[in-house]
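Peer 1:
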Amino acid sequence: MESAQASAPQREFLRPVLLSDAAVEEQRIIESIRDGNTAAFGQLIERYLPRALGLAMRILRHHEDAEDLVQDAFLSALKHIDDFDPARPFWPWMSRIIVNRGLDLSAARSIRSTEILGDYVADRGSSPAMDAERSDIFAHVRVAMLALPPRRRLVIELFELEGFSIAEIARLLDSAPSTIRWHLHVARHQLRGALAHLHGASA
Amino acid sequence: MSSADPRRDEALAHVLRESRLSAPVTPARVRALSERIAAAAAPLLAERAGAGEVRQRTVWDYAASWSGVLLPAGVLTALAAGLCLFVLSAQREPSAPKLSRSRIALMGAATNRVSSQNLIDFLVASDPVAARGSVR
Numbered sequence: 001m002e003s004a005q006a007s008a009p010q011r012e013f014l015r016p017v018l019l020s021d022a023a024v025e026e027q028r029i030i031e032s033i034r035d036g037n038t039a040a041f042g043q044l045i046e047r048y049l050p051r052a053l054g055l056a057m058r059i060l061r062h063h064e065d066a067e068d069l070v071q072d073a074f075l076s077a078l079k080h081i082d083d084f085d086p087a088r089p090f091w092p093w094m095s096r097i098i099v100n101r102g103l104d105l106s107a108a109r110s111i112r113s114t115e116i117l118g119d120y121v122a123d124r125g126s127s128p129a130m131d132a133e134r135s136d137i138f139a140h141v142r143v144a145m146l147a148l149p150p151r152r153r154l155v156i157e158l159f160e161l162e163g164f165s166i167a168e169i170a171r172l173l174d175s176a177p178s179t180i181r182w183h184l185h186v187a188r189h190q191l192r193g194a195l196a197h198l199h200g201a202s203a
Numbered sequence: 204m205s206s207a208d209p210r211r212d213e214a215l216a217h218v219l220r221e222s223r224l225s226a227p228v229t230p231a232r233v234r235a236l237s238e239r240i241a242a243a244a245a246p247l248l249a250e251r252a253g254a255g256e257v258r259q260r261t262v263w264d265y266a267a268s269w270s271g272v273l274l275p276a277g278v279l280t281a282l283a284a285g286l287c288l289f290v291l292s293a294q295r296e297p298s299a300p301k302l303s304r305s306r307i308a309l310m311g312a313a314t315n316r317v318s319s320q321n322l323i324d325f326l327v328a329s330d331p332v333a334a335r336g337s338v339r
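In the order they appear, the protein sequences are chains D and E.
Counted from 1, the first sequence has number 153 at position 153 by the numbering used here; the numbering is strictly sequential.
If you want the numbering used here, it's the 1-based position in the second sequence plus 203.
1) Any residues in the region 65-78 of chain D with a beta carbon nearer than 7 Å to a beta carbon of chain E? Which ones, in chain order?
2) Identify whether A4(D) lies in helix, strand or coil by the three-state DSSP scheme.
3) Just reading off the alpha helix (DSSP H) that I45(D) is part of, what are its end residues?
4) Closest to A23(D) by CA distance: which of H185(D), T38(D), L44(D) is it?
5) Under 8 Å Cβ-Cβ, which residues of chain D neighbour D264(E)?
6) Closest to R51(D) by CA distance: which of R28(D), L158(D), A108(D) is it?
7) Starting from D101(D) and walking both ways along the alpha helix (DSSP H), at which residues does that stretch end?
8) Measuring only the C-alpha atoms, how far is F289(E) from S305(E)?
9) How many angstroms separate the CA atom of H62(D) from the CA atom of L154(D)?
10) In this structure, does DSSP put A186(E) in helix, strand or coil?
11) Which word fits Q71(D), buried or exposed, when buried means at least 16 other C-beta atoms lie within 10 angstroms of its C-beta?
12) Check whether the Cβ of S95(D) lies closer than 8 Å to any Cβ atom in chain E.
13) Taking only beta carbons into account, state which residues of the region 207-218 of chain E come closer than 8 Å to chain D, listed in chain order.
14) Quick one: which chain D residues come within Cβ less than 9 Å of A231(E)?
15) For R211(E), does the three-state DSSP call read helix, strand or coil?
16) Is the distance from the Cβ of I156(D) to the Cβ of A196(D) below 8 Å?
17) Have a look at L248(E) and S175(D) and give me their C-alpha separation to the nearest angstrom.
18) Can you list the alpha helix (DSSP H) stretches of 4 or more residues lying completely in the region 62-86 of chain D, in chain order?
Listed below in structure tokens is the structure:
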């Protein structure tokens with residue numbers, strides 16, 4: 001539930017049309033940053049940092065690495081802010097920087113293990129046996145997910161958890177929609193296979 | 204989501220969500236990172252602010268200082284050029300070529316409309332000044 005709440009702002013991700021007031025405000029912020037306005041850059045950070053960090057965590061699954069990635073992406077955006085067209089929304093541009101750099105980093109540090117995430121938190125009223133079984137299922141899912149190539153894992157997470165369309169993911173990952181569909185199909189197949197194997201073993 | 208997209212697998216999404224694949228980001232971490240990014244960006248922003256001042260002096264101030272002179276000068280030049288064109292076009296009225304009477308007489312003789320013996324009389328009658336000059 002907690003993770004669902006944390007990811008709520010990410011549903012705004014890549015939304016093509018901003019509210020006009022928000023768009024105008026964002027345009028003003030970008031223009032001020034171009035003139036070196038520190039407060040405007042602070043506003044930009046405040047506006048996009050949670051989403052950026054959430055996206056970076058999805059790619060790298062490591063707090064420190066994700067934070068480094070986000071910092072690097074913000075500084076890169078600042079360096080190249082003159083190349084950005086302020087008439088367009090900022091987030092798609094920013095998210096593309098994060099995804100491109102994040103996938104490169106993810107490939108480079110493939111040996112390094114990802115953070116061990118918290119175990120399944122038991123529901124009140126569930127029996128220890130049920131908790132143990134559910135915990136086992138989720139552990140298997142985590143292992144199956146981590147076995148996926150980073151790009152494929154990101155595709156299934158953005159589609160199933162964040163609610164992005166195929167076209168949005170294709171734009172973000174700079175791929176053809178058919179390629180994204182294929183990644184999604186293979187990822188689902190592998191995850192369902194892992195879950196079915198688990199059911200078979202427990203039966 | 205477009206109609207061409209595959210249907211979302213709610214059961215799979217539930218399992219993925221419950222598996223806590225990415226740890227939640229705490230507000231404290233976000234705040235600390237925000238301060239870190241702002242500190243790292245400060246030199247870049249200061250550099251931009253300095254460059255911005257120079258750019259304003261060289262482009263906008265320059266244009267503003269000269270616009271007071273160049274705009275009236277441009278308007279006056281355009282008015283003067285228009286006036287010159289108007290005067291010149293008025294002076295160059297197309298005029299029919301003026302033929303002297305002696306020339307008319309000579310053309311008449313050449314085309315046999317006037318006989319040669321009557322030419323002098325014709326010239327005298329048509330242009331007394333020219334005829335006087337030719338007799339001398």
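All C-beta atoms, glycine included, are put in the ideal place defined by N, C-alpha and C.
All figures in this text were calculated on a predicted structure; none of them were measured in a lab.
Peer 2: Let me spell this out:
1) E67, V70, Q71, F74, L75, L78
2) Note that A4(D) has pLDDT 40, beneath the 50 cutoff, so the model's placement of it is unreliable and no number is given.
3) 38-60
4) L44(D)
5) Residues of chain D passing the Cβ test: none, with the nearest at roughly 15 Å.
6) L158(D)
7) It is Arg, not Asp, that sits at residue 101(D) in the sequence shown. Taken as a continuous stretch (DSSP letters only), the alpha helix (DSSP H) holding R101(D) covers 90-108.
8) 37 Å
9) 14 Å
10) This structure gives no information on residue 186(E), because the portion of chain E shown stretches from 204 to 339.
11) buried
12) no
13) A207, D208, P209, R211, D212, L215, A216, V218
14) In chain order: nothing, as chain D lies at least about 12 Å away.
15) coil
16) no
17) 34 Å
18) 63-79
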